[in-house]
Amino acid sequence: MISHYCVLQVFVNITEDISQKMAKKKTIFACTNCGAQSPKWAGRCVQCGQWNTMQEDFAVQESAGFAHVSLANSPPVALQEIPDAGFDRVPSGIGELDRVLGGGIVAGMTILVGGEPGIGKSTLMLQAANRIASAGRRVLYVTGEESLGQTKMRAARLGADSEEIYVLAENSLETIIGCIENLSPDLLVIDSVQMVHRRDIHSAPGTVAQVRQCSVELICLAKRRGCGLFLVGHITKEGSIAGPKVLEHLVDCVLYFEGDRFHAYRMLRTIKNRYGSTNEIGVFEMTESGLKDVLNPSIIFLSERDETQAGSAIAATIEGSRPLLVEVQALASRSAFSSPTRRVAGVDASRVAMVLAIIDRHTSFQPSGSDIFVNIVGGIQVGEPAGDLSIAMAIASSLSQKPVPADCVFAAELGLGGELRAVSMAQRRLKEAEKLGFKQIVLAPSSAEALAGRSSIGIRPFRTIAQVLNVFC
Numbered sequence: 510m511i512s513h514y515c516v517l518q519v520f521v522n523i524t525e526d527i528s529q530k531m532a533k534k535k536t537i538f539a540c541t542n543c544g545a546q547s548p549k550w551a552g553r554c555v556q557c558g559q560w561n562t563m564q565e566d567f568a569v570q571e572s573a574g575f576a577h578v579s580l581a582n583s584p585p586v587a588l589q590e591i592p593d594a595g596f597d598r599v600p601s602g603i604g605e606l607d608r609v610l611g612g613g614i615v616a617g618m619t620i621l622v623g624g625e626p627g628i629g630k631s632t633l634m635l636q637a638a639n640r641i642a643s644a645g646r647r648v649l650y651v652t653g654e655e656s657l658g659q660t661k662m663r664a665a666r667l668g669a670d671s672e673e674i675y676v677l678a679e680n681s682l683e684t685i686i687g688c689i690e691n692l693s694p695d696l697l698v699i700d701s702v703q704m705v706h707r708r709d710i711h712s713a714p715g716t717v718a719q720v721r722q723c724s725v726e727l728i729c730l731a732k733r734r735g736c737g738l739f740l741v742g743h744i745t746k747e748g749s750i751a752g753p754k755v756l757e758h759l760v761d762c763v764l765y766f767e768g769d770r771f772h773a774y775r776m777l778r779t780i781k782n783r784y785g786s787t788n789e790i791g792v793f794e795m796t797e798s799g800l801k802d803v804l805n806p807s808i809i810f811l812s813e814r815d816e817t818q819a820g821s822a823i824a825a826t827i828e829g830s831r832p833l834l835v836e837v838q839a840l841a842s843r844s845a846f847s848s849p850t851r852r853v854a855g856v857d858a859s860r861v862a863m864v865l866a867i868i869d870r871h872t873s874f875q876p877s878g879s880d881i882f883v884n885i886v887g888g889i890q891v892g893e894p895a896g897d898l899s900i901a902m903a904i905a906s907s908l909s910q911k912p913v914p915a916d917c918v919f920a921a922e923l924g925l926g927g928e929l930r931a932v933s934m935a936q937r938r939l940k941e942a943e944k945l946g947f948k949q950i951v952l953a954p955s956s957a958e959a960l961a962g963r964s965s966i967g968i969r970p971f972r973t974i975a976q977v978l979n980v981f982c
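Just so we're aligned, residue 510 is where the sequence shown starts under my numbering, counting upward by one.
1) Straight-line CA distance for S712 to V755?
2) Going along the chain, which residues of its own chain have a beta-carbon closer than 7 Å to the beta-carbon of Q949, five neighbours each way excluded?
3) To which residues does DSSP link L983 through a beta bridge?
4) For S844 and L865, what's the separation of their Cα atoms in angstroms?
5) So the beta strand (DSSP E) I699 belongs to, where does it begin and stop?
6) Quick one: is D607 buried, meaning 16 or more other Cβ sit within 10 Å of its Cβ, or exposed?
7) From the DSSP output, read off the bridge partner residues of Q564.
8) So what does L740 bridge to, in DSSP terms?
9) I need the DSSP call for E836, collapsed to helix, strand or coil.
10) Please state if the CB of L898 and the CB of L939 are separated by a distance shorter than 8 Å.
11) For the region 874-899, which segments carrying the alpha helix (DSSP H) assignment without a break, of at least 4 residues, lie completely within its bounds, in sequence order?
12) Keeping to the same chain, check which residues put their C-beta closer than 7 Å to that of L840; ignore five residues upstream and five downstream.
13) Please name the residue or residues paired with L677 in a DSSP beta bridge.
14) For V725, which option in D709, E789 and V702 has the closest C-alpha, if you only look at C-alpha atoms?
15) Under three-state DSSP, which class holds A841?
16) What residues match up with V615 in a beta bridge as DSSP calls it?
17) Can you tell me whether R734 is helix, strand or coil according to DSSP?
18) What residues match up with L667 in a beta bridge as DSSP calls it?
19) Does the separation of the CB atoms of M995 and Y784 fall below 8 Å?
20) Considering E747, what are the terminal residues of the alpha helix (DSSP H) in which it resides?
21) Rounded to the nearest angstrom, what separates L925 and I867 at their Cα positions?
22) Quick one: any contact between the region 849-858 and the region 871-888, if contact means 3 or more CB pairs under 8 Å?
23) Would the region 618-630 count as touching the region 651-660 if we require 3 or more Cβ pairs under 8 Å?
24) Nearest to I620 by alpha carbon, out of A751, H871, E767 and L696?
25) According to DSSP, H706 sits in a beta bridge with which residue or residues?
26) Closest to R937 by C-alpha separation, out of A975, G888, R870 and T826, would be which residue?
27) Assign C554 to one of three DSSP states: helix, strand, or coil.
28) Between the Cα of L802 and the Cα atoms of L777, A822 and A644, which residue gives the shortest distance?
29) Can you grab the Cα-Cα spacing for the pair I710 / N680, in whole Å?
30) Go ahead and pull the three-state DSSP assignment for L777.
31) Ends of the beta strand (DSSP E) at F981?
32) If you reduce the DSSP assignment to three classes, tell me which class S547 lands in.
33) Would you kindly work out how many angstroms separate the C-alpha atoms of V599 and C736, rounded to a whole number?
34) Which of helix, strand or coil does DSSP assign to R963?
35) Between the Cα of L682 and the Cα atoms of Q722, F793, H743 and V717, which residue gives the shortest distance?
36) If I measure Cβ to Cβ from R647 and keep anything under 6 Å in the same chain, skipping five residues before and after, which residues do I get?
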């Protein structure tokens, strides 16, 4: 018969064992935006002020694997004594990817690629890995979300059959680092970084502590060995890359893969690049055999345009250093409700609201009583203010049911006083319009003066939006 003392002793031993395990880790909350930590949950981060960014995590009190990693053991060097470094770039074999990277991949360069699920991140990475491996360089593709069989199926569909591609289906950071040391690849692809975890960090994969520590070790290892590193990242429902914001500060280049999964075209946009220009874009077409470069996207975006239809205008925009001509469509119909509907796709809704207010206040058109729908054809996103005038023209054309001249392009920002303002890189917009056969371009007076005599197409300057609408609508 078991005595009460024995039962009590067993209970004490179990309690002590649980207490020792709980002492090794302590629940905290970390901000996914700035990494600030708090002992309790809060709706708003006290450091960066962002809402709903506090995520449950575990703070390891003992030294559990947060190893110090040094890139080089060298003394400080005077800036003038540092030799000029010429960066040798390795082309990825994909023209649009090389465009956004600045010409290719630099040794030790780390690139973070983010995008919506199913947009084509893994497809792009596997295609790039195959092209680089076909040039005689060794590539290690680490997949943490798919099995080896699934990766093989995708490779067969894409025609990726290079003998220098090695695939590893693994989530453990320690195992991945061991394979890197043994294989010595020239390019490393981690798909995705949110699935990689360290065994000695007591939190789930994808948490702030796991993503931060795993990324730091992979980046330092890549720089020390001089191999290129692609980190594929998940995004949150707000569209930002999941995990701590410090992840974007650690890498050399941040790429966002954008587009509508229901459209064939994708855009790869550069947000940060230490080895090239920022705000550059690459345009791809998703086909059955993978992603293909789109060398002249303006022609594709305008290929199905109906020139006789009201509510359409052509905007001359700039994405990075590339000029793009895109079609802006608008539909205005009489509203059946006291609060008219406003729906926007491909452009900032607040920008369209501002344009509507300018039209209502400074012209004879009255869009306030109509449902307004604005769309950028092709699933492309237009963020620069140079598209203001084309948005206004499309809306006014739909309201008046008078088509805009098919040979006319618009490039001007609208001020709140109804005035047309100059845009940057007007010469590139003009050349793109001339190359595609347009006969006239509408600009602000200052932009028109700078371009006088530089093109065979007609340059039409206007000072106010009212003057433009009176002439064309």
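Think of the CB as a built atom: it goes at the ideal place given N, C-alpha and C, for glycine as much as any other residue. Computed from a prediction, not measured in an experiment: that's the story for all the values here.
According to the structure shown:
1) Residue 712 sits at position 203 when you count from the first residue of the sequence shown. Residue 755 sits at position 246 when you count from the first residue of the sequence shown. Rounded to the nearest angstrom, the two C-alpha atoms are 18 Å apart.
2) Numbered from its first residue, the sequence shown carries residue 949 at position 440. Cβ neighbours of Q949 beyond the five flanking positions: D916, C917, I966, G967 and R969.
3) Limits of the chain in this structure are 510 at one end and 982 at the other, which puts residue 983 out of reach.
4) Residue numbering aside, residue 844 sits at position 335 when the sequence shown is read from its first letter. Residue numbering aside, residue 865 sits at position 356 when the sequence shown is read from its first letter. Using only the alpha carbons, I get a separation of about 15 Å.
5) One-based indexing of the sequence shown puts residue 699 at position 190. Unbroken beta strand (DSSP E) run through I699: L696 to D700.
6) Taking the first residue of the sequence shown as position 1, residue 607 is located at position 98. Result: buried.
7) As a working note, residue 564 is residue 55 in the sequence shown. Its beta-bridge partners are A539.
8) Residue mapping note: residue 740 aligns to position 231 of the sequence shown, counting from 1. According to DSSP, residue pairing for L740 in a beta bridge involves L621 and I699.
9) By 1-based counting over the sequence shown, the position of residue 836 is 327. In this structure, E836 counts as strand in the three-state DSSP scheme.
10) Along the sequence shown, read from residue 1 onward, the residue named residue 939 stands at position 430. Along the sequence shown, read from residue 1 onward, the residue named residue 898 stands at position 389. No, these two residues do not count as a Cβ contact at 8 Å.
11) none
12) Along the sequence shown, read from residue 1 onward, the residue named residue 840 stands at position 331. The answer, listed in chain order, is G820, F882 and S907.
13) Residue numbering aside, residue 677 sits at position 168 when the sequence shown is read from its first letter. In the DSSP output, where bridge partners are listed per residue, L677 has V651.
14) The residue labelled residue 725 in the question sits at position 216 within the sequence shown. It is V702 whose Cα lies nearest to the Cα of V725.
15) As a first step, residue 841 is located in the sequence shown; it is residue number 332 there, counting from the start. A841: strand per DSSP, three-state reduction.
16) In the sequence shown, counting from the first residue as 1, residue 615 sits at position 106. For V615, which the question treats as bridged, DSSP gives the partners R598.
17) On the sequence shown, position 225 is the one that residue 734 refers to. R734 falls in the helix class under three-state DSSP.
18) As a working mapping, residue 667 is identified with position 158 in the sequence shown. Under DSSP, L667 forms no beta bridge with any residue.
19) The structure shown has nothing for residue 995, since the chain only spans 510 to 982.
20) Within the sequence shown, the letter at position 238 stands for residue 747. Where E747 is concerned, there is no enclosing alpha helix (DSSP H), given that its DSSP letter is neither H nor E.
21) Working through the sequence shown from its first residue, we reach residue 925 at position 416. Working through the sequence shown from its first residue, we reach residue 867 at position 358. Those two C-alpha atoms are separated by around 6 Å.
22) yes
23) no
24) Taking the first residue of the sequence shown as 1, we reach residue 620 at position 111. The candidate whose alpha carbon is nearest that of I620 is L696.
25) Sequence index remark: in the sequence shown, residue 706 carries index 197 (1-based). H706 is bridged to S681.
26) Your numbering for residue 937 matches position 428 in the sequence shown. R937 has its Cα closest to that of T826, out of A975, G888, R870 and T826.
27) Numbered from 1 along the sequence shown, position 45 holds the residue referred to as residue 554. Looking at C554 - three-state DSSP - the assignment turns out to be coil, as it is neither helix nor strand.
28) Against the sequence shown, residue 802 aligns to sequence position 293. In the sequence as presented, Leu is not what sits at residue 802; that position holds Asp. Comparing Cα positions, the closest option is L777.
29) Sequence index remark: in the sequence shown, residue 710 carries index 201 (1-based). Sequence index remark: in the sequence shown, residue 680 carries index 171 (1-based). Computed Cα separation, rounded: 14 Å.
30) What you label residue 777 is simply residue 268 of the sequence shown in a count that begins at 1. L777: strand per DSSP, three-state reduction.
31) If you number the sequence shown from 1, residue 981 lands on position 472. Note, F981: premise wrong, no beta strand (DSSP E); alpha helix (DSSP H) at I974 to F981.
32) Walking along the sequence shown from the start, residue 547 turns up at place 38. It is a strand residue.
33) Working through the sequence shown from its first residue, we reach residue 599 at position 90. Working through the sequence shown from its first residue, we reach residue 736 at position 227. One Cα belongs to V599, the other to C736, and the distance between them is close to 11 Å.
34) If you number the sequence shown from 1, residue 963 lands on position 454. Here DSSP, grouped into helix, strand and coil, assigns R963 to coil.
35) For the purposes of this step, residue 682 is taken as residue 173 along the sequence shown, with counting starting at 1. Measuring from the Cα of L682, the nearest candidate turns out to be Q722.
36) On the sequence shown, residue 647 is found 138 positions in, with the first residue counted as 1. If we look at R647 and ignore the five residues flanking it on each side, its Cβ neighbours are E673, P694 and D695.
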